[in-house]
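Sequential numbering from 9 applies to the sequence shown in this note's numbering.
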Amino acid sequence: MNRVTSTDYDSPVGPVLLTFVDDALVRLDVAHDGLDLARESIAHRLGVMAEPDSAVGASLVAQLDEYFDGARREFDVPLDFRLVRGFTRAALEATCEIPYGEVASYGEVARMAGVDRAARAVGTACASSPFSIVVPVHRVVRSDGSIGEYGGHPEVKRFLLTLEAEALLGGSLPVDEADRASA
């Protein structure tokens, strides 16, 4: 039987629940509705309640600290894709090819994943990603350049994009009119 553990992380975008199966990350949940609800949700999906264990998540916690400090550009953590099916995995893997501080449209990611006309499916994959932040779905934007909803929290997406731009360029990304309207 696999060991399921979790670690809480206090991030600048809110509380985060990191859940691991053995040593692989199975879910990074920015717990907008609270850590208890996030724990219940992942327990339901996995069929087992994760046991708290900060040692398993210590490396990722350190990497997240570095990322939010602007010192880390990619993550080195094994991913457990058991919660991901079909094209979603290809789309999520394609987002990992988007360079730090840059963006790609949903259509561009669809092409990168090998299915030219699957922009909407990429949007669904990004919205349901179990690996937010670590798999940079925040770097995927609409074809008109607006950032989109990001699971109903566009302010988190804007924060992550701005964080990367500032770390990379020492400046911030321009905010377009669509983003002003959604802020």
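Beta carbons are placed, not taken as given, at the ideal position from N, Cα and C, and that holds for glycine.
Nearest neighbour of residue i, chosen from the options [CA to CA]
i           : options            : result
residue 55  : 29, 61, 72         : 29
residue 70  : 84, 57, 99, 143    : 84
residue 159 : 41, 26, 79         : 41
residue 131 : 175, 118, 172      : 118
residue 34  : 20, 22, 15, 128    : 15
residue 107 : 169, 52, 58, 59    : 169
residue 50  : 72, 24, 73         : 24
residue 98  : 73, 121, 171       : 121
residue 105 : 154, 82, 13, 150   : 82
residue 135 : 124, 125, 149, 123 : 149
Inter-residue Cα distance where the pair is residue i and residue j
i           : j           : result
residue 31  : residue 88  : 9 Å
residue 166 : residue 113 : 15 Å
residue 67  : residue 164 : 23 Å
residue 133 : residue 91  : 11 Å
residue 43  : residue 11  : 20 Å
residue 45  : residue 39  : 8 Å
residue 94  : residue 143 : 17 Å
residue 27  : residue 47  : 9 Å
residue 152 : residue 162 : 16 Å
residue 17  : residue 156 : 25 Å
residue 20  : residue 62  : 19 Å
residue 183 : residue 116 : Any reading at residue 183 must be qualified, since the residue scores a pLDDT of 46, below 50, and its modelled position is unreliable; no value is offered.
residue 127 : residue 59  : 37 Å
residue 75  : residue 22  : 15 Å
residue 249 : residue 13  : Absent from the structure is residue 249, since the part of the chain shown begins at 9 and ends at 191.
residue 73  : residue 171 : 13 Å
Counted within 10 angstroms of its Cβ, other Cβ atoms place residue i as buried (16 or more) or exposed
i           : result
residue 140 : buried
residue 37  : buried
residue 65  : buried
residue 129 : buried
For residue i, the first and last residue of its enclosing alpha helix (DSSP H)
i           : result
residue 35  : No alpha helix (DSSP H) holds residue 35; the beta strand (DSSP E) holding it covers 32–38.
residue 17  : That residue, residue 17, is in no alpha helix (DSSP H); its beta strand (DSSP E) goes 12–19.
residue 164 : 162–177
residue 54  : 43–54
residue 100 : 95–103
residue 117 : 114–120
Short Cβ contact (8 Å threshold) for residue i with residue j
i           : j           : result
residue 145 : residue 96  : no
residue 80  : residue 110 : no
residue 177 : residue 137 : no
residue 175 : residue 78  : yes
Boundaries of the beta strand (DSSP E) in which residue i is found, first to last residue
i          : result
residue 65 : Here residue 65 belongs to no beta strand (DSSP E); instead the alpha helix (DSSP H) covers 62–76.
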